[in-house]
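**Q** Please find one structure pasted underneath; my questions will follow.
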Ligand code: MN
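Numbering (the numbering used here), first residue to last: 496 to 1232.
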């Protein structure tokens, strides 16, 4: 087009031979050494000899395909070689030493990284996914090329997914859509993202996918004519201002059409902006001239203009976006960008790759991918469990961005839904933890205010302020969440240290053992090490948390110190008196907060809500003292509660001022209709209830079953939620589980 070489998409052309790979690699990286590539191919082919893909093809077709994708991304020689070798160490007799001897340390490190990720088995549970993403992110920190190889590997596997058994297809496709496509998007590699999304879509919802394919194809000819008309008009118009850019027009990818239908509850026929046009210019100035020219010819749709050139996305994407009313009163979307911006849009971080600095992202790239560094820094927070991690990572991977300003005019990018607290934490941890409020555009707003693009935010701080657990319900960024959690956890540790030490000493006194004598035991060090305690304090903390009983500690350290008469009856008595003490102590703590045996007052150290019935304020409840685990609260109707020894039962009640939220499970049966999920989640949020987790499955008779974990304050809020959901058309039934 106009004599310019456009940036090639990653081509899905099946590579037949190593010669083809060399040819393709040389197109983007002329310095590639053909002999080394050929050597790597032969090495891999020999290693995989006798192995076959499910399709029946020799195994080598897979590494060859992966290397082809890597070459199309314009990556360096070491990464292409890694593509060829990526499965050798895992699936053949080849060792990392062999790889190092033949191809050097850099390739060995890369293959090692890819192998380590591959050995992690992805399962469909949240927990595993969280753990695995964490490992991926850590690998990414070591060398971003490892993830690029992994993405190429996944893309090739998705391209050949039709050879997999049906059940596996869906699982792999879902995982791709959940993790790999967002990751590609975050790395700015839209060519990968688009193909991964469409392939996942095809295997996850084949009936909808093929229906869309058919509908898009129906008016193909008409649309093609329209595209060439628009391109012709644009060329003519731009020529008048001496511009001769490359212009592309195409249908949007299927998954993005589907998502739009789903989100807005529209039918295919109601989606008017199916076509996207792209203008690729030489300079930034030309981008704005072209924009002015287009707006002069066709009326822009208000609110649809976005200047990502002045305000680049955090994945480095730059472009002008506008939607205009084109010929035949049809809406068309136009993106305008320079060639360099286009390259970055298609290849993202891969376009920045400079292979001179082995394994290191060049300094300027690193600066541009600042989110990546933040991401990595937040990956190592101690004590953060995998579910929390997954939740955080998902927010950061998925959410669209908003741009807000500091009072000095600096821009901060935050995910949609971010609060002033997120903003404060983005500035500095101390600003976040001391934040008492904020002004948005000069007006004081509550902490839970949702920021909008263009807001100017100034944070108010106070030295008396400290983070609270409730803040976790307000913030959305991983950074704020992990900082708040770290603080809350360290406070809980402090509290359980005091409580634990107290309990420990009292219990020893009762048993007639002195703390000194107990800790004099010769193998204290060994005991600490064996139980993973770093210090004596950690023993107290464990007692305070209710993780271990004092008697068990004595048994472990020096059982001879325990009183001799160990017949079952006295033992039970001992337990009972120990339990009394736990309980009295809990009671004492709760009194400090001014309420009687209020379950909230006892704090999370001593109180647990039973998972079987998930009591929430308003429910009638009973408490059971459990050995070494504080008090467990059940609803008084819970059948599990009656299996527990009645002598352990205590009366409990909700305190008046409960402002914490509790989790509760809700099950919804509905017709399987598009848009319903959004309506249900709207119903939740209009009752001010947070969704923690959602699982959806559809049945053969076109019904959908939703399982939600939501956070509510009490039963009356839950009643409101249920009422809201019941009103939705298509919902058959709602119940608390
Ligand atoms: Mn592979």
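For every residue, glycine included, the Cβ atom is placed at its ideal position computed from N, Cα and C.
Just so you know, these numbers come straight off a predicted model, no measurement behind them.
(1) Taking residue 741 as the reference, which of 664, 751 and 777 has the closest Cα?
(2) Which class does residue 767 belong to by DSSP, given the choice of helix, strand or coil?
(3) Between residue 585 and residue 675, what straight-line distance do the alpha-carbon atoms span, to the nearest angstrom?
(4) Is there contact between the region 763–781 and the region 1179–1186, where contact requires at least three CB pairs shorter than 8 Å?
(5) What is the rounded straight-line gap between the Cα of residue 1177 and the Cα of residue 1160?
(6) Please state if the CB of residue 925 and the CB of residue 970 are separated by a distance shorter than 8 Å.
(7) Indicate whether residue 991 and residue 962 have their beta-carbon atoms separated by less than 8 Å.
(8) When every heavy atom of the ligand MN is checked, does at least one fall within less than 7 Å of the C-beta of residue 561?
(9) Assign residue 1133 to buried or exposed, taking buried as 16 or more other Cβ atoms, counted over all protein chains shown, within 10 Å of its Cβ.
(10) Short of 8 Å in beta carbon distance, which residues of its chain neighbour residue 1018, apart from the five on each side in sequence? Order them along the chain.
(11) Taking the beta strand (DSSP E) that residue 557 belongs to, which residues open and close that run?
(12) Just to confirm the assignment: which complete beta strand (DSSP E) runs, minimum length 3, are found wholly within the region 755–842?
(13) Per DSSP, what are the beta-bridge partners of residue 746 in this structure?
(14) Three or more C-beta pairs under 8 Å: does that hold for the region 1037–1046 against the region 998–1014?
(15) Is any heavy atom of the ligand MN found at a distance shorter than 7 Å from the C-beta of residue 543?
(16) How about residue 532 and residue 510: do their beta carbons lie closer than 8 Å?
(17) Helix, strand or coil, according to DSSP, for residue 850 in the structure here?
(18) In this structure, how does DSSP classify residue 1207 when only helix, strand and coil are distinguished?
(19) Rounded to a whole number of angstroms, what is the C-alpha to C-alpha distance between residue 600 and residue 541?
(20) Give me the Cβ distance between residue 815 and residue 782, rounded to the nearest whole Å; I'm assuming they're in contact under 8 Å.
(21) CB-CB under 6 Å to residue 850, same chain, minus the five flanking residues each way: which ones, in chain order?
(22) Which residue's Cα is closest to the Cα of residue 834: 946, 779, 845 and 551?
(23) Does the Cβ of residue 581 lie closer than 7 Å to at least one heavy atom of the ligand MN?
(24) Hey, quick one: how far does the alpha helix (DSSP H) through residue 980 stretch, first residue to last?
(25) Is the CB-CB distance between residue 843 and residue 1034 below 8 Å?
(26) If you pair each beta-carbon of the region 657–676 with each one of the region 814–833, do three or more pairs fall below 8 Å?
(27) Beta-carbon within less than 6 Å of residue 726's beta-carbon, same chain only, minus the 5 sequence neighbours each way: which residues are those?
(28) Which value, in whole angstroms, describes the spacing of the CA atoms of residue 720 and residue 1202?
(29) Check whether the Cβ atoms of residue 521 and residue 527 sit closer than 8 Å, and answer yes or no.
(30) Do residue 686 and residue 841 have their C-beta atoms within less than 8 Å of each other?
(31) Check whether the region 1102–1112 and the region 1209–1228 touch, using three or more Cβ-Cβ pairs below 8 Å as the test.
**A** To lay it out plainly:
(1) Taking only the C-alpha atoms, the option nearest residue 741 is 777.
(2) Coil, per DSSP.
(3) So the two alpha carbons sit approximately 21 Å from each other.
(4) Output reads no: the region 1179–1186 does not touch the region 763–781.
(5) Distance between the alpha carbons of residue 1177 and residue 1160: 17 Å.
(6) Not in contact: residue 970 and residue 925 (Cβ atoms no closer than 8 Å).
(7) No, the Cβ-Cβ distance between residue 991 and residue 962 is not below 8 Å.
(8) Yes, the Cβ of residue 561 comes within 7 Å of a heavy atom of the ligand MN.
(9) Here residue 1133 is buried: its Cβ has 16 or more other Cβ atoms, across all protein chains shown, within 10 Å.
(10) Excluding positions up to five away in sequence, the list reads 1052.
(11) Not the beta strand (DSSP E): residue 557 falls in the alpha helix (DSSP H), residues 556–567.
(12) Segments of the beta strand (DSSP E) lying fully in the region 755–842: 770–776, 815–820 and 826–833.
(13) Paired residue(s): 770.
(14) Contact between the region 1037–1046 and the region 998–1014 is established, with three or more Cβ pairs separated by less than 8 Å.
(15) Using a cutoff of 7 Å, the CB of residue 543 does not count as near the ligand MN, since none of the ligand's heavy atoms is closer than that.
(16) Not in contact: residue 532 and residue 510 (Cβ atoms no closer than 8 Å).
(17) In this prediction, residue 850 has a pLDDT of 38, which is less than 50 and means its spatial position is unreliable; what the coordinates show is noted afterwards. In the structure shown, residue 850 sits in coil (DSSP, three-state: anything other than H, G, I, E or B).
(18) The three-state reading of DSSP puts residue 1207 in strand, counting E and B together.
(19) Counting only the Cα atoms, residue 541 lies some 21 Å from residue 600.
(20) Indeed they touch by this definition, with Cβ atoms about 6 Å apart.
(21) Confidence at residue 850 is low in this model, with a pLDDT of 38, below 50, so the placement of that residue is unreliable and no value is reported for it.
(22) For the residues 946, 779, 845 and 551, the minimum Cα distance to residue 834 belongs to 779.
(23) Residue 581 has its Cβ nearer than 7 Å to a heavy atom of the ligand MN.
(24) For residue 980, the enclosing alpha helix (DSSP H) stretches over residues 973–1006.
(25) Result no, Cβ atoms of residue 843 and residue 1034 do not sit closer than 8 Å.
(26) As far as the Cβ criterion goes, the region 657–676 does not touch the region 814–833, which means the pair count is below three.
(27) Excluding residues up to 5 positions away in sequence, 742 and 744 lie with their Cβ nearer than 6 Å to the Cβ of residue 726 in the same chain.
(28) Per the coordinates, the alpha-carbon of residue 720 lies some 47 Å from the alpha-carbon of residue 1202.
(29) Yes; because the gap between Cβ atoms is below 8 Å, this pair is in contact.
(30) In this structure, residue 841 lies closer than 8 Å to residue 686 by Cβ.
(31) Counting C-beta pairs with one atom in each stretch, the region 1102–1112 and the region 1209–1228 have three or more that are closer than 8 Å, which means they touch.
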